[in-house]
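The listed protein sequences derive, respectively, from chains A and B.
Heads up, the first sequence is in my numbering, so the first residue is 2 and it goes up one at a time.
Heads up, the second sequence is in my numbering, so the first residue is 95 and it goes up one at a time.
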Amino acid sequence: QKEVEQNSGPLSVPEGAIASLNCTYSDRGSQSFFWYRQYSGKSPELIMFIYSNGDKEDGRFTAQLNKASQYVSLLIRDSQPSDSATYLCAVWGGKLIFGQGTELSVKP
Amino acid sequence: EPEVTQTPSHQVTQMGQEVILRCVPISNHLYFYWYRQILGQKVEFLVSFYNNEISEKSEIFDDQFSVERPDGSNFTLKIRSTKLEDSAMYFCASSGEQDQPQHFGDGTRLSIL
Numbered sequence: 002q003k004e005v006e007q008n009s010g011p012l013s014v015p016e017g018a019i020a021s022l023n024c025t026y027s028d029r030g031s032q033s034f035f036w037y038r039q040y041s042g043k044s045p046e047l048i049m050f051i052y053s054n055g056d057k058e059d060g061r062f063t064a065q066l067n068k069a070s071q072y073v074s075l076l077i078r079d080s081q082p083s084d085s086a087t088y089l090c091a092v093w094g095g096k097l098i099f100g101q102g103t104e105l106s107v108k109p
Numbered sequence: 095e096p097e098v099t100q101t102p103s104h105q106v107t108q109m110g111q112e113v114i115l116r117c118v119p120i121s122n123h124l125y126f127y128w129y130r131q132i133l134g135q136k137v138e139f140l141v142s143f144y145n146n147e148i149s150e151k152s153e154i155f156d157d158q159f160s161v162e163r164p165d166g167s168n169f170t171l172k173i174r175s176t177k178l179e180d181s182a183m184y185f186c187a188s189s190g191e192q193d194q195p196q197h198f199g200d201g202t203r204l205s206i207l
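So, in structure tokens, the structure goes:
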């Protein structure tokens, strides 16, 4: 059974701080990794995707991948109250497998 | 920006009835998916569809469920003889390639009474 694990949170950070969200996965053969943001009652919205080891930056978001350790992380710089949401880590292994999500709360 | 559209946004159905959830994937995408999310739980894969056939399905996707692409734009999920535990948000998604980012529709909230 392929698993994707995330801390459910809530993770609380002050406005302007860096939020760090982590995810581990069980299938060593996984090649594609995605971060989605989900506001309450809404659908998952793609934030970042990463395929290669290392860092990938897009605006305030940085995805980090370490295949040897089987973890992927998402950093959000200059966190804003509008970033408050649940962040879903998803791993492609023939199908998209989601973690349970980490709830992020950014306090003004 | 192209988007995946789903209808209806909310469906209320009596237990035992059949429901059809509809999706229009992004026009140049070739891979289509259905997911469900029970309230408070994780997003779960149901089925993937490519080239007019199912390419993979989960253990949830039993004989009660079926998918169809009746024309060049629509992609439907049919649930026969609905049960209370089928109550969930159902999301349709599409992607251009198999392991490429999937884009989700707004979902259909299915409530079984």
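Virtual Cβ for every residue (Gly too), placed ideally from N, Cα, C.
(message) Counting only beta-carbon separations shorter than 9 Å, does A/Lys57 have a partner in chain B?
(response) On the first sequence, position 56 is the one that residue 57 of chain A refers to. So, not an interface residue.
(message) Do A/Cys24 and A/Gly95 have their beta-carbon atoms positioned less than 9 Å apart in this structure?
(response) Residue mapping note: residue 95 of chain A aligns to position 94 of the first sequence, counting from 1. Residue mapping note: residue 24 of chain A aligns to position 23 of the first sequence, counting from 1. In this structure, A/Cys24 does not lie closer than 9 Å to A/Gly95 by Cβ.
(message) Let's see if you can read the secondary structure: which residues bound the beta strand (DSSP E) around B/Val161?
(response) Position 67 of the second sequence, counted from the start, is the residue given in the question as residue 161 of chain B. Per DSSP, B/Val161 belongs to the beta strand (DSSP E) from Phe159 to Glu162.
(request) Might you give, ordered along the chain, the residues of its own chain that have their beta carbon closer than 7 Å to the beta carbon of B/Asn145, omitting 5 neighbours on each side? (result) Position 51 of the second sequence, counting from 1, holds the residue named residue 145 of chain B. So no residue of the chain qualifies.
(message) Just to confirm before moving on: does the CB-CB distance between A/Leu47 and A/Phe35 stay below 9 Å?
(response) By 1-based counting over the first sequence, the position of residue 47 of chain A is 46. By 1-based counting over the first sequence, the position of residue 35 of chain A is 34. Contact flag set, yes.
(request) Kindly list the residues whose CB is nearer than 7 Å to the CB of A/Tyr72, restricted to its own chain and excluding five residues on each side of it in sequence; keep chain order. (result) The residue you call residue 72 of chain A lines up with position 71 of the first sequence. Asn23, Cys24 and Thr25.
(message) According to DSSP, simplified to helix, strand and coil, what is B/Glu138?
(response) By 1-based counting over the second sequence, the position of residue 138 of chain B is 44. Note: B/Glu138 maps to strand in three-state DSSP.
(request) Taking 8 Å as the threshold, find out whether the region 60-67 of chain A comes into contact with the region 108-124 of chain B through three or more Cβ pairs. (result) no
(request) Whole angstroms is fine: what's the gap from B/Pro164's alpha carbon to B/Val118's? (result) Here residue 164 of chain B is taken as the residue at index 70 of the second sequence, counted from 1. Here residue 118 of chain B is taken as the residue at index 24 of the second sequence, counted from 1. Roughly 11 Å between the two C-alpha positions.
(message) Can you look up A/Glu104 in the DSSP assignment and give me helix, strand or coil?
(response) In the first sequence, counting from the first residue as 1, residue 104 of chain A sits at position 103. Reduced to three states, the DSSP call for A/Glu104 is strand.
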